[in-house]
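In UniProt numbering, the protein residues as written are 1 to 235. Read through the structure below, which is laid out as structure tokens, and then see the notes.
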């Protein structure tokens, strides 16, 4: 009888040592999940033919967050890469279902975020700076800047004051590549991601109504603050 009990004890011992709530096992699962998701984003990046067009790291973070945001209503992802200068195309719209790049455009940043490069960011009213992080697109309206798109910031302390600050997407004459050709950079906004007027309606119509937008700059400060990218070992 003692031999049977001891055999049963040693049979169940591994399960006792590695319980479902074991912190080491949880960490291993998170590490594996991160590797799998990184591999998936690389495959998607390659399938879309984004090499030399879109930063792979910016795309990886955008896709990781996109998958975490369950409130999204559209299979569309917008990436704004503020690690690039305003003279380059740095707004990208992806159809995630069809695995297709829909738009690539220049986009303006806030006037107090920097000159050609955006290097300083804020969530505060009156800062006239751009805000990083993840957003959901809302409804459209006709305002002083024409056809515009409401943006809802999803990250507390990073961009959750977007509505209060009236941070929206709109078209602007100063966001035209011709302006950059003449002056060495695009004109700047009060914090809004402003796009060329001829592209504003097509882009807004493609992303309105609950799609994910991610504004990236490659800054460690944002990564430390992000409630979305730091959730469940995504980073």
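Idealized CB from N, CA, C, for every residue including glycine.
Delimiting residues of the alpha helix (DSSP H) encompassing residue i
{"i": "residue 63", "result": "56-68"}
{"i": "residue 197", "result": "197-207"}
{"i": "residue 225", "result": "220-225"}
{"i": "residue 183", "result": "177-183"}
Start and end residues, beta strand (DSSP E) containing residue i
{"i": "residue 231", "result": "From DSSP, residue 231 is part of no beta strand (DSSP E); its letter is neither H nor E."}
{"i": "residue 153", "result": "146-153"}
{"i": "residue 76", "result": "76-81"}
{"i": "residue 105", "result": "100-105"}
Selection from the options that minimises the alpha carbon distance to residue i
{"i": "residue 210", "options": "196, 136, 191", "result": "136"}
{"i": "residue 222", "options": "176, 74, 93, 122", "result": "122"}
{"i": "residue 73", "options": "164, 97, 80", "result": "97"}
{"i": "residue 169", "options": "181, 205, 66", "result": "205"}
{"i": "residue 195", "options": "207, 175, 94", "result": "175"}
{"i": "residue 118", "options": "231, 216, 149", "result": "216"}
{"i": "residue 47", "options": "94, 228, 197, 152", "result": "94"}
{"i": "residue 192", "options": "212, 177, 113", "result": "113"}
{"i": "residue 81", "options": "150, 212, 55", "result": "55"}
Length of the line joining the Cα atoms of residue i and residue j
{"i": "residue 179", "j": "residue 116", "result": "12 Å"}
{"i": "residue 92", "j": "residue 199", "result": "12 Å"}
{"i": "residue 120", "j": "residue 129", "result": "7 Å"}
{"i": "residue 219", "j": "residue 101", "result": "25 Å"}
{"i": "residue 79", "j": "residue 69", "result": "15 Å"}
{"i": "residue 190", "j": "residue 166", "result": "9 Å"}
{"i": "residue 43", "j": "residue 125", "result": "40 Å"}
{"i": "residue 185", "j": "residue 53", "result": "19 Å"}
{"i": "residue 76", "j": "residue 85", "result": "24 Å"}
{"i": "residue 41", "j": "residue 229", "result": "14 Å"}
{"i": "residue 71", "j": "residue 207", "result": "14 Å"}
{"i": "residue 227", "j": "residue 161", "result": "15 Å"}
{"i": "residue 231", "j": "residue 182", "result": "44 Å"}
{"i": "residue 237", "j": "residue 65", "result": "No statement about residue 237 is possible, as the shown extent of the chain runs from 1 to 235 and does not include it."}
{"i": "residue 131", "j": "residue 197", "result": "22 Å"}
{"i": "residue 104", "j": "residue 148", "result": "18 Å"}
{"i": "residue 51", "j": "residue 59", "result": "11 Å"}
Local Cβ density within 10 Å of residue i, reported as buried at 16 or more and exposed below that
{"i": "residue 139", "result": "exposed"}
{"i": "residue 61", "result": "buried"}
{"i": "residue 172", "result": "buried"}
{"i": "residue 159", "result": "buried"}
{"i": "residue 30", "result": "Only weak support is given to the placement of residue 30: the predicted model assigns it a pLDDT of 45, under 50, and the value that follows is read from those uncertain coordinates. Exposed, because fewer than 16 other Cβ atoms sit within 10 Å of the Cβ of residue 30."}
{"i": "residue 90", "result": "buried"}
{"i": "residue 157", "result": "exposed"}
{"i": "residue 224", "result": "exposed"}
{"i": "residue 188", "result": "buried"}
{"i": "residue 133", "result": "buried"}
{"i": "residue 39", "result": "exposed"}
{"i": "residue 164", "result": "exposed"}
{"i": "residue 49", "result": "exposed"}
{"i": "residue 57", "result": "exposed"}
Should the region 140-153 be regarded as contacting the region 92-110, the criterion being three or more beta carbon pairs within less than 8 Å?
no
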